[in-house]
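Below is one structure, written out as structure tokens, with a few remarks after it.
Numbering (UniProt numbering), first residue to last: 1 to 151.
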């Protein structure tokens, strides 16, 4: 088995890797004795503010709505391969719902700078779903990559 050493990404490299959007996994805390509620998500990233944006779809019986609405701690992970090396970014914090009032306070500018991929992961008629936008102003935002042989 080959061992690959990891090195930390600086803020610029994290922003470059995140781009304007992609996919990852959001995990919501549910207590010390309960596994986190983890879901695949599409995200948008605004490098100008450092905010991550998410579009969640909620079905009529969605447990996700309760977890997201509770303001519980969340961690978000995205990863991939660039230039033949793996990269990953982890953000932590709490989600905030993006309300109409937020649009007037500059969030609209952020939303124009991001590209949240539209992924249809439902076997449900989309007309039965409700959608909400959420923002994560990360308390922590870190990245790592596979070290090059000369790092």
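Note that the Cβ used here is the ideal one computed from N, Cα and C, for glycine as well. Model, not experiment: these values are computed from the prediction.
Asked: Span of the alpha helix (DSSP H), counted from its first residue to its last, around residue 15; Found: 11-18
Asked: Nonlocal neighbours in the same chain, by C-beta distance under 6 angstroms from residue 139, ignoring five residues either side; Found: 92, 93
Asked: Of the listed residues 7, 74, 43, 53, nearest to residue 37 (C-alpha basis); Found: 74
Asked: Beta-carbon separation (whole angstroms), residue 95 vs residue 135, contact threshold 8 angstroms; Found: 7 angstroms
Asked: Rounded C-alpha distance that separates residue 152 from residue 137; Found: A question about residue 152 goes unanswered here, because the residues of the chain that appear run from 1 up to 151.
Asked: First and last residue of the uninterrupted beta strand (DSSP E) at residue 7; Found: 6-8
Asked: Separation of residue 84 from residue 23, as counted between CA atoms; Found: 19 angstroms
Asked: Beta strand (DSSP E) segment containing residue 46, residue limits; Found: 37-46
Asked: Closest Cα partner of residue 97 within the set 79, 71, 81, 90; Found: 71
Asked: DSSP-derived helix/strand/coil call for residue 72; Found: coil
Asked: Residue 83 (DSSP reduced to helix, strand or coil); Found: coil
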